[in-house]
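Some notes on the structure that comes next.
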Amino acid sequence: MKFLLLIPLLALAACATVGAPDRPEVPANAVENTRTEPNGDVITEYRVGNQLRMVRVQPARGPEYFLYDRDGDGSLDSDIDDPPQTYFELFEW
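Quick note, the sequence shown lines up with residues -20 to -1, 1 to 73 if you use mature numbering (1 follows the signal peptide of the UniProt record, and there is no 0).
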């Protein structure tokens, strides 16, 4: 019986040790442009010198996530082999 109680506790401890990726930093001198889509999603674009550097998406339901330009060419990276980095913030304390 004690063994059955120990299994959920171990599973919970394993989930607590998984670290979330670092939240990307907003580029210096970024100009912020926010819009709300018809489905309720809030999209914030961050541009530096008219180049798109990062996009923050806050869906109407679900966690927010970020897309960013890794190589500085002004467009979000979307290679098939190397997709853009997407970060989900599930919990915040």
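Even for Gly, the Cβ is constructed at its ideal location relative to N, Cα and C.
Extent of the continuous beta strand (DSSP E) to which residue 5 belongs
Taking the first residue of the sequence shown as 1, we reach residue 5 at position 25. First-last for residue 5: undefined, no H or E at that position.
Measure the alpha-carbon distance for residue 51 versus residue -14 and round it to whole angstroms.
The sequence position of residue 51 within the sequence shown is 71, counting from 1. The sequence position of residue -14 within the sequence shown is 7, counting from 1. In this structure, the CA atom of residue 51 is about 45 Å from the CA atom of residue -14.
What is the rounded straight-line gap between the Cα of residue 71 and the Cα of residue 9?
Residue 71 sits at position 91 when you count from the first residue of the sequence shown. Residue 9 sits at position 29 when you count from the first residue of the sequence shown. For residue 71 and residue 9, the distance between alpha carbons rounds to 28 Å.
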